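Start counting the sequence shown at 260; every next residue gets the next number (this note's numbering).
Ideal Cβ placement from N, Cα and C applies to all residues, glycine included.
Keep in mind that this is a model prediction, so the values were computed, not measured.
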Amino acid sequence: MRRKLAAGNWKMNGTRADLAEIAALAEAHPEPGCEVLICPPATLIDRARAVAGPSVALGGQDCHAAGSGAHTGDISAVMLLDAGAHYVILGHSERREDHGESSDMVRDKARAAMEAGLRAIVCIGESLAQREAQNTLDIIAGQLSHSIPDSATGENLVVAYEPIWAIGTGLTPTTDQIGEVHDFMRMKLETRFGEGVGRSVRLLYGGSVKPGNAAEIFAVSNVDGALVGGASLKAADFGGIVTALAQS
Ligand code: PGA
260 MRRKLAAGNW KMNGTRADLA EIAALAEAHP EPGCEVLICP PATLIDRARA VAGPSVALGG
320 QDCHAAGSGA HTGDISAVML LDAGAHYVIL GHSERREDHG ESSDMVRDKA RAAMEAGLRA
380 IVCIGESLAQ REAQNTLDII AGQLSHSIPD SATGENLVVA YEPIWAIGTG LTPTTDQIGE
440 VHDFMRMKLE TRFGEGVGRS VRLLYGGSVK PGNAAEIFAV SNVDGALVGG ASLKAADFGG
500 IVTALAQS
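Encoded structure:
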């Protein structure tokens with residue numbers, strides 16, 4: 260059985276005042292019935308740990324492929340772990356776009372995260388132009404094979420399918436479209452890593468997940484949870500998604 264995961268990605272949002280949302284989430288969901296994760300800005304991880312309680316895990320939003328060294332402005336997997344993180348989001352489309360991250364770079368970061376003892380949430384997804392050109396599955400296959408290191412297991416890897424055109428837009432794919440990609444990712448992971456590992460990796464959907472559409476998305480085959488941006492910033496919204504996942 261794969262543990263369901265509701266993951267919140269705060270992106271470049273949040274200062275100390277917003278820790279109250281994490282405290283409220285933890286208070287409202289002491290036994291959530293699924294794994295709950297918040298990935299705040301790295302500046303807040305240490306403080307968030309103090310208010311998140313045992314029911315809310317914390318994660319980073321990126322890490323460097325090296326453990327330490329002369330990389331001004333970067334943060335290593337070991338540092339995230341030391342601050343209280345257990346997960347790190349890697350290869351989000353905003354980082355691929357804003358920072359020119361290639362799938363090969365994402366794979367190196369994921370390897371470093373796994374070596375440090377973090378779970379990597381590797382993000383992949385097609386653009387609207389790629390979907391309209393009917394290249395979605397080719398893009399997914401390429402990103403999946405290049406962004407994931409050979410050291411992946413069901414414990415240290417989570418894959419998030421995030422169509423770029425659905426992020427922050429209010430648009431979502433149909434449940435058939437989500438199911439097609441998730442079944443395809445499962446098949447690819449089983450082929451590469453064998454059935455045992457391939458079946459145990461959790462697959463999240465991300466892109467405009469809200470309390471109102473969460474239940475129908477969680478009913479799709481091979482959807483083991485969600486990576487949530489905007490709707491993770493408020494405890495009440497994210498709590499609705501957590502509840503929908505626990506009941507799915
Ligand atoms: P969104 O973002 O939920 O605001 O669409 C999702 C993400 O980028 O992870």
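- By the criterion of a C-beta distance shorter than 6 Å, Gly429 is surrounded in its chain by Ser467, once the five residues flanking it on both sides are discounted.
- By the Cβ criterion, the region 393-412 is in contact with the region 431-447, since at least three pairs of Cβ atoms, one from each stretch, lie closer than 8 Å.
- Per the Cβ contact rule, the region 406-426 is in contact with the region 448-467 (3 or more Cβ pairs under 8 Å).
- For Ala276, there is no enclosing alpha helix (DSSP H), since its DSSP letter is neither H nor E.
- Residue side-chain check: Ala495 keeps its Cβ at 7 Å or more from all non-hydrogen atoms of the ligand PGA.
- Bridge partners of Arg461 according to DSSP: Val417.
- For Ala309, the enclosing alpha helix (DSSP H) starts and ends at 301-311.
- Pairing Cys322 with Gly376, the inter-Cα distance amounts to about 13 Å.
- Exposed is the label assigned to Glu290, since fewer than 16 other Cβ atoms lie within 10 Å of its Cβ.
- Excluding sequence positions up to five before and after Ser386, its CB lies within less than 7 Å of the CB of Ile423, Trp424, all in the same chain and listed in chain order.
- With contacts defined as CB atoms closer than 8 Å, Ile348 and Asn268 qualify as a contacting pair.
- Classified as buried, Met373 has 16 or more neighbouring CB atoms from the shown chains inside 10 Å of its CB.
- Check the Cα spacing between Ile383 and each of Ala490, Ser406, Glu391: the tightest is with Ser406.
- Counting along the chain, the unbroken beta strand (DSSP E) around Leu349 starts and ends at 346-349.
- Within 7 Å of the C-beta of Asn472 there is not a single heavy atom belonging to the ligand PGA.
- A distance below 8 Å between beta-carbons, with the five flanking residues on each side excluded, links Ala473 to the following residues of its chain, in chain order: Ala485, Gly499, Ile500, Ala503, Leu504.
- Inclusion of Gly427 in the 7 Å shell around the ligand PGA follows from its C-beta lying nearer than that to a non-hydrogen atom of the ligand.
- In its chain, beyond the 5 residues on either side, Trp269, Gly273, Ala307 have a beta carbon closer than 6 Å to the beta carbon of Pro299.
- Not one heavy atom of the ligand PGA sits closer than 7 Å to the Cβ of Leu463.
- When beta bridges are read from the DSSP output, Ser335 appears opposite His323.
- For Glu391, the three-state secondary structure derived from DSSP is helix.
- If you ignore the 5 residues before and after Ile281, its C-beta comes within less than 7 Å of the C-beta of Ile297, Ala307, Val310, Ala311, Val315, all in its own chain and listed in chain order.
- Gly438 is the residue among Gly438, Gln506, Ala285, Lys493 whose C-alpha sits nearest the C-alpha of Ser480.
- With respect to Ala279, Asp305 sits apart: the two C-beta atoms are not nearer than 8 Å.
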